[in-house]
Amino acid sequence: MEDSAAVAGLMWDRWLPSGVRALIAEALPGGVADARALAVWLAGVHDIGKATPAFACQVDQLADVMREQGLEMRSSKAMGPDRRLAPHGLAGQVLLAEWLEEQLGWAAGRTGQFTVAVGGHHGVPPTHGQIKALYEHEELLRTPGPSGRVWRAVQTELLDVCADQFGVSDRLADWGTVRLPQPVQVLLTALVIVCDWIASNPDLFPYFPDGASRSDEERLAAAWQGLDLPEPWQAEEPVASAQELFAARFGLPMDAQVRPVQAAAVELARDMERPGLMVIEAPMGEGKTEAALAVAEVFAARSGAGGVFFALPTMATGNAMFPRLLGWLERLPGVRDSRRSVHLAHSKAALNDDFVDLMARGGRVAAVNVDEVADSSWRRADARRRVGAELVAHAWLRGRKKAMLASFVAGTIDQLLFAGLKSRHLALRHLAVAGKVVVIDEAHAYDTYMSVYLDRVLSWLGAYRVPVVVLSATLPAGRRRELVEAYAGGELKPAVGQADDDAETGAYPLLTAVAPGGAVVVRCPQASGRSTTVEVEPLADDLDMLVDRLEDELAGGGCVLVVRNTVRRVLETARVLQGRFGEGAVTVAHSCFVDIDRAQKDRDLLRRFGPPGRDTERPKDRHIVVASQVAEQSLDVDFDLLVSDLCPVDLLLQRMGRLHRHLRGQGQSERPERLRTARCLLTGADWAADVPAPVRGSVAVYGRFALLRSAAVLLPHLEGGSQSPVQLPSDISPLVQSAYGIGPVGPAHWAEVLAEARSRFDEHRADQAERAAVFRLGEVGRPGRPLFGWVAAGVGDADDSRTGRAQVRDSRESLEVVVVQRRADGTLTTLPWLEPDRRGRRRGGLELPQDQTPTPFAGRTAASCGLRLPLQFSYAETMDRAIEELEQLYLRAWQGKDSPWLSDQLILALDENCQTRLAGFCLRYSPLDGLEVTGDRN
């Protein structure tokens, strides 16, 4: 108890961001001094529930000593299952509440808001039912009879001493009239949890008698030095102009000019009365990421945030963002020349080379001898990076429940959505985001199911006064309004800005901002002047016609991007195109590649089709990339011609953002003459039908209603051809607002089909919202209302596993495997085509012994070949059959802590032709085309 209190004091002084401290302090009459004392006291008394018969009876030898002192208790066996009604957290909550009422005269209704931090310190605040059940079994708290008075005296004495020792005796009377906001209750609970975990770590606080030779002060100093937590970022508001700020933070070339959207975002952040939510909507390639980081710096300085969390839609986009985040940190005042904790938050982060470098510097956690100089060799920066900032993936700040507590985090949106999911240790997730600026990228990419969680999380972020930056190239006005209302916490005050209705019309680019409880502010910066005119043409969904058309289009060379809505269509299209143009002229990109091949594929696309002026090797001959939706997000690639399946209009505009993305010569003169005008051939539908009929795969992915609305708003451009092109960026907002609005679109004879599709769409959305609400966290309660039952009827533990992700995404539980190769002699190896790592070590064809644990390098290499099997394997019967077959290759030597990379993994072994059968399907894999699944289940 004393160790926990001492740790709490240090965590308050040296680790908790100032914004979090200020939020807690505002709730108490004595401000910061009261807040610190309360945190220390709660950490000190959190284990008072162990001074009860229900807990003390567990070790007979110790219980006998207590009995000799008059503390009678039945044995654990005699108590039976009733003992489970008094877990020590709940027992401590009840004892502390009784003490506050009986010794200090607190009203019974005022105790729970404080004592819940004790009751919930194992991750789940008690429910009213649990509290009532314990009161009905008081013998679990104090043995009936004369011994009961002894128990009560001991419990009271302990709490009296804690109040004196931790400096709250003269403050408790004033606190009895306080109404603690629920966010403050959550933060205090989380702080108690963290302090308990640290103080319970025997490497830091050795058990008796090992640490008996040190004084309390020496013991604490040694533990804190051994823990060596990096302190939070203390941002300083930049005073430079936007041009100077962006040049300093992002290494802009001397002649580069900050874009109007970027300058306006920084100006708005500075002009806001206090930091809040900012939604940045701007065309693709306008530097929204850099704008968000610049705004985050301003917001952090003004709010006291101690870090940044950058949330992205996928692991691939998270990996792409991570080095950009590191580059920003290396130039950031308050981080440069200091030591800060950084984390990559997704389930395969340990396979990311940049993150592995940081983990190597993260050290180990153990108490040190404060009289000696600690070995700091692990802190030395990798000589290859030569950075001023010392960025580490701290050893203690790892694991599914602690990782988000690092100061700077890039990760999947799931990590943020988990903050809205009723789950164990949810308070830790709230503490993690409460001390940061949160950036949400690609906000248009999240469906109704995910939005239910996102909106609830935003409401809590607003209550914590967490600054939030939302990024989107295209956001429907209705969705924008929902995001703003969720954060602001109620009905919005009238907008102020250039025009009250700018946010509801086609204004674009657009900045929308609001502080909790404040009025909406709207700014409409100019576009950068970069524009693209795209001619849109319908193309029949016929592969022979597509091949012939591309033969004509590429007569003079050129690079084409063909985007299909399903992996099956990608592979079918690629096979036909390879037959005409040759395998070397066709590149395939989709989600069904093993992780390491997928990363290599992204690097290859950037190398060949990235911006001019870099180390690109753009094909000189004709080339076609056939891709799924992986081409929509984050990749800065540039093509001469686009062919796309019909999809929701906002996603089509994202795909168009890969068309003539960069200037190649004056008037695009370096492109083939025929392809100097940007054109999009729109296929994936029967355009000859009375009402366009999208292909079945696209309907399964997006729904008929969204596809028909998209076709309807594009119809004038499809029919107008070169006379009515899509103008980017000026047409982006009008197209999106029309497609997602409620007004009629399309010809009159489409109305009946659209109405039927709308009905099914509304039913689907209602079903998504209803299912998502089952485990969604409740709204922020009124101040003073205890967190009792806060995560009741929740999901238990939530993490970034395939099961965890399925809780916050409306997707079937997927099946993930590690892919290896089985040779003819039965031996297992890593996949043979893998390229050497950055240090030149061979990775392809490494033997994986089946009778012993593979070497760490071989194990990690194998684990980097993880693959998520496609939808066919997500249906219950097929999944069960697949798991049963995969478990036949269970290797005991690969399990346990000695094999962290492969333990508990399902292994998919391909033969020497890279083929196998699974659950009645034929699987074929190649590094060029990825996974192909054929055949019907038997």
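Heads up: the sequence shown runs through residues 5 to 942, numbered per this note's numbering. Even glycine gets a Cβ: it sits at the ideal position worked out from N, Cα and C. As the structure is a prediction and not an experimental result, all values here were calculated from the model.
Taking buried to mean at least 16 other C-beta atoms within 10 Å of its own C-beta, is residue i buried or exposed?
i      : result
Lys405 : buried
Thr857 : buried
Leu20  : buried
Asp649 : buried
Val3   : In the structure displayed, the chain extends from 5 to 942; residue 3 sits before or after that span and is not available.
Pro91  : buried
Ala353 : buried
Thr570 : buried
Cys926 : exposed
Trp382 : In this predicted model, Trp382 has a pLDDT of only 29, less than 50, meaning its place in the structure is not dependable enough to derive any value.
Asn917 : exposed
Lys1   : The first residue shown for the chain is 5 and the last is 942, placing residue 1 beyond what the model contains.
Leu42  : buried
Asp504 : Bear in mind that the predicted position of Asp504 carries a pLDDT of just 47, short of 50, making it too unreliable to give a figure here.
Gln502 : The predicted position of Gln502 is uncertain, since its pLDDT is 47 and thus under 50; a value taken from the coordinates is nonetheless stated next. It is exposed - the Cβ of Gln502 has fewer than 16 other Cβ atoms within 10 Å.
Ile746 : exposed
Ser411 : buried
Glu376 : Reliability fails at Glu376, whose pLDDT of 38 lies under 50, so the model's placement of it is uncertain and the value that follows must be treated cautiously. So Glu376 counts as exposed.
Lys943 : This structure cannot settle anything about residue 943, because the visible part of the chain is limited to 5 through 942.
Gly84  : exposed
Please determine, among the options, the residue with the shortest C-alpha to C-alpha distance to residue i.
i      : options                        : result
Val749 : Ala121, Arg928, Leu711, Ser22  : Leu711
His50  : Ile28, Cys199, Asp640          : Cys199
Leu316 : Leu722, Asp168, Val413, Val63  : Val413
Arg328 : Ser702, Thr293, Ser345, Arg340 : Thr293
Val196 : Thr859, Ala47, Leu639, Ser463  : Ala47
Thr859 : Trp905, Leu932, Gly844         : Trp905
Asp640 : Pro652, Val630, Thr620         : Thr620
Trp237 : Gly74, Ala251, Ser307          : Ser307
Val265 : Gln811, Arg534, Pro57          : Arg534
Trp155 : Thr56, Ala121, Leu66           : Thr56
Leu547 : Thr687, Leu42, Ala467, Cys596  : Thr687
Arg87  : Tyr139, Ala39, Val312          : Tyr139
Ala349 : Ala286, Phe422, Ile284, Glu334 : Phe422
Cys528 : Val11, Ala269, Ser742, Leu256  : Ala269
Ser673 : Ala10, Asp644, Pro652          : Asp644
Val705 : Ile28, Ala559, Leu655, Glu301  : Leu655
Leu550 : Ala438, Arg668, Ala286, Val580 : Val580
Gly870 : Glu767, Ala913, Gln261         : Ala913
When you compare the CB positions of residue i and residue j, do they come within less than 7 Å of one another, or not?
i      : j      : result
Gly849 : Thr833 : yes
Thr131 : Ala431 : no
Asp275 : Phe326 : no
Ala721 : Ser714 : The amino acid at residue 721 is misidentified as Ala; the sequence shows His. It is not a contact, given that the beta carbons lie outside the stated cut-off.
Gly588 : Pro676 : no
Tyr945 : Leu458 : Not covered by the structure: residue 945. The range shown for the chain is 5 to 942.
Val740 : Thr478 : yes
Val441 : Ala304 : yes
Leu281 : Val472 : yes
Ala682 : Thr536 : yes
Gly701 : Phe765 : no
Val525 : Ala578 : no
Phe209 : Ala225 : no
Val634 : Leu685 : no
Ala203 : Asp17  : no
Closer than 6 Å: is that where the CB of residue i sits relative to any heavy atom of the ligand GTP?
i      : result
Ser907 : Questions concerning the ligand GTP fall outside what the structure shown contains, since it holds no ligand whatsoever.
Runs of alpha helix (DSSP H) lying entirely within the segment 221-267, each at least 4 residues, in chain order = Within the segment 221-267, the complete alpha helix (DSSP H) runs of at least 4 residues are 246-254.
What are the complete alpha helix (DSSP H) segments, minimum 4 residues, inside the segment 772-836?
-> 806-812
Stretch pair the segment 67-80 + the segment 100-117: three plus CB contacts closer than 8 Å = no
Quick one: which unbroken beta strand (DSSP E) runs of 3-plus residues sit fully inside the segment 690-738? Chain order, please.
-> 730-732
Can you give, in chain order, each stretch of the alpha helix (DSSP H) that sits fully within the segment 513-562 and has at least 4 residues?
-> 547-557
Does the segment 510-523 come close enough to the segment 222-242 that 3 or more CB-CB pairs lie under 8 Å?
-> no
Can you find at least 3 beta carbon pairs, one from the segment 781-791 and one from the segment 174-194, that sit closer than 8 Å?
-> yes
Contact between the segment 54-71 and the segment 19-38: three or more CB pairs below 8 Å?
-> no
Inter-stretch contact at 8 Å, needing at least 3 Cβ pairs: the segment 445-460 / the segment 767-777 | yes
Would you call the segment 433-453 and the segment 838-848 in contact, with 3 or more CB pairs under 8 Å?
-> no
Inter-stretch contact at 8 Å, needing at least 3 Cβ pairs: the segment 653-666 / the segment 594-605 | no
Which full runs of the beta strand (DSSP E) of 3+ residues lie inside the segment 423-465, going along the chain?
-> 441-444
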